[in-house]
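Written below as C-alpha cells is the structure these notes are about.
Quick look at the structure:
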C-alpha cells in the first residue's frame, strides 16, 4: 500500500441478523474508500445510514461480514482481540458523541488527558504532564486542568475528550458525531479546533456526522445513505475562497465501485424524472458518458 494512504477499505460489507426473525439486515453495502495520511475528512449522512458502523469497522470494534480494512500497514479485520486492543492504543484516538464516553468522571481534566499515555507507557510522568499541559493550552483549557470533568460544560468536556484523543499522538483520530450534543456556538468551536489541529499536527482525522456544516469545513466530505457511499464533496482546486472562515468553492463527484455501480443523488433522479430505467451511452465526440431517462 502507498505510504500516503492511511485508510484503505475494499468491498466492505456488514450484515446483522435479527434475534427474533433471523432476517439479515445489510448495514454496509460494498464500501470502497481511500483516505490519505494527513487528511481531514467527514462522512455525512442521516441517522441509520451506516456511518457509525463504518467507523467501528475502521477501529476493529466490529468485524466485517466481507471485505478488508487496512489502517497504515495493518489489516484491522485480521487481528484478534488482544492485537486489536494494542493496535487501538498505539494507533488510534477516539472522540465520541457523548462526553462521558470519552472521559473518566472521577478523574480531573489533566488526569484524563494523561490516561491514554499511561496505558501504553508513553514517556515519563513529567513528559506526560508536559504533553497534557500543551494540549490543554492549545484547546483553551489550562485554567480548568485540575477540575473534575463532571464540573465542566458540555463544550469544555468535549474539548477535553479531543485532548485525550490526541494525547498519544495517534496516526488516526476517529470522531463519531463530535458536535451532536453541543449547541451551535460550541459546535462551531469544536469544528475550528479540529481544523487547526489537523493543520498543525498533520494527523489524519475521520469525522462521521449528520452535521451538514462539516461539508464546507473539511477538505473532503463523503456522503452516505442506506449503507453506501454515493458522492464526494471536495474543495475545488483553484476555486475561490467564499468566506474568511476558510470556506472554499467545492465540487460534487459521484463514486463508482469495483463493479461499476454508480449511485445517483435522489434530487438529481427526481429532477431528471427518472422512474426505473435509464439509457447510458458513451459520446466519443465529448469523451463522456451520457445518461437519459427512459419514459416507460
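Residue numbers (our numbering): 43 to 338.
All residues carry an ideal CB built from backbone N, CA and C; glycine is no exception.
Values in this document were obtained by computation on a predicted structure and should not be read as measured data.
Please classify residue 123: does DSSP put it in a helix, a strand, or coil?
-> What you label residue 123 is simply residue 81 of the chain shown in a count that begins at 1. If DSSP states are grouped into helix, strand and coil, residue 123 belongs with the helices.
Kindly indicate which three-state DSSP category residue 141 falls into: helix, strand or coil?
-> In the chain shown, residue 141 corresponds to position 99, counting from 1. It is helical.
Is residue 103 close to chain C, meaning its C-beta is less than 7 Å from at least one C-beta of that chain?
-> The structure shown has no chain C; it contains just one protein chain.
Could you tell me if residue 169 is buried or exposed, where buried requires 16 or more neighbouring beta carbons within 10 angstroms of its beta carbon?
-> Here residue 169 refers to the residue found at position 127 when the chain shown is read from its first residue. So residue 169 ends up on the exposed side.
Counting along the chain, where does the alpha helix (DSSP H) carrying residue 226 start and finish?
-> Numbered from 1 along the chain shown, position 184 holds the residue referred to as residue 226. Here the alpha helix (DSSP H) through residue 226 covers 226-243.
Residue from 109, 73, 216, 72 with nearest C-alpha to residue 131 | Taking the first residue of the chain shown as 1, we reach residue 131 at position 89. Comparing Cα-Cα distances from residue 131 to each of 109, 73, 216, 72, the minimum goes to 216.
Nearest-angstrom Cα distance between residue 103 and residue 174?
-> For the purposes of this step, residue 103 is taken as residue 61 along the chain shown, with counting starting at 1. For the purposes of this step, residue 174 is taken as residue 132 along the chain shown, with counting starting at 1. Approximately 27 Å, taken between the alpha carbons.
Taking Cβ to Cβ, would you say residue 256 is nearer than 7 Å to residue 84?
-> On the chain shown, position 214 is the one that residue 256 refers to. On the chain shown, position 42 is the one that residue 84 refers to. Against a cut-off of 7 Å, the Cβ pair of residue 84 and residue 256 comes out as a contact.
Who does residue 214 pair with in a DSSP beta bridge?
-> Taking the first residue of the chain shown as 1, we reach residue 214 at position 172. The partner list for residue 214 (beta bridge, DSSP) reads 134, 246.
Would you kindly report the start and end of the unbroken alpha helix (DSSP H) that includes residue 256?
-> Here residue 256 refers to the residue found at position 214 when the chain shown is read from its first residue. Residue 256 -> alpha helix (DSSP H) spans 256-259.
Quick one: any contact between the region 92-108 and the region 254-272, if contact means 3 or more CB pairs under 8 Å?
-> yes
Identify, in the order they occur along the chain, each residue of the same chain with its Cβ nearer than 6 Å to the Cβ of residue 192, setting aside the five sequence neighbours on each side.
-> Mapped onto the chain shown, residue 192 falls at position 150. Hits under 6 Å: 147.
Kindly list the residues whose CB is nearer than 6 Å to the CB of residue 53, restricted to its own chain and excluding five residues on each side of it in sequence; keep chain order.
-> For the purposes of this step, residue 53 is identified with residue 11 of the chain shown, where counting begins at 1. The answer, listed in chain order, is 72, 109.
Look up residue 89 in the DSSP assignment and give the residues it is bridged to.
-> As a first step, residue 89 must be located in the chain shown, where it is residue number 47. Bridge partners of residue 89: none, in fact.
Does at least one heavy atom of the ligand HEM sit under 6 Å from the Cβ of residue 247?
-> Absence of the ligand HEM is noted for the structure shown, with no ligands found whatsoever.
Through-space distance from residue 159 to residue 144, alpha-carbon basis = Translated into the one-based positions of the chain shown, residue 144 becomes position 102. Translated into the one-based positions of the chain shown, residue 159 becomes position 117. Looking at the two C-alpha atoms, the distance is approximately 14 Å.
As assigned by DSSP and simplified to three states, the class of residue 158 | The residue labelled residue 158 in the question sits at position 116 within the chain shown. Correct three-state label for residue 158: helix.
Just list the beta strand (DSSP E) runs in the region 47-97, keeping only unbroken ones of 3 residues or longer that don't cross its boundaries, in chain order.
-> 47-59, 66-78, 82-86
I think residue 139 touches residue 223, with their Cβ atoms under 8 Å apart; what is that distance to the nearest whole Å?
-> Here residue 139 corresponds to residue number 97 of the chain shown, with the count starting at 1. Here residue 223 corresponds to residue number 181 of the chain shown, with the count starting at 1. With a Cβ gap of about 6 Å, residue 139 and residue 223 count as contacting.
Using the DSSP secondary-structure output, state which residues sit across from residue 275 in a beta bridge.
-> By 1-based counting over the chain shown, the position of residue 275 is 233. Residue 275 pairs with 263, 294.
If you draw a straight line from the C-alpha of residue 319 to the C-alpha of residue 335, how long is it?
-> Here the question's residue 319 lines up with position 277 in the chain shown. Here the question's residue 335 lines up with position 293 in the chain shown. The alpha-carbon atoms of residue 319 and residue 335 are separated by roughly 6 Å.
Exposed or buried, which one is residue 298 when buried takes at least 16 other CB atoms within 10 Å?
-> Position 256 of the chain shown holds residue 298. Answer is exposed; the Cβ neighbour count stays below 16.
Report yes if the C-beta distance between residue 49 and residue 151 is below 7 Å; otherwise report no.
-> Looking up residue 49 in the chain shown gives position 7. Looking up residue 151 in the chain shown gives position 109. It is not a contact, given that the beta carbons lie outside the stated cut-off.
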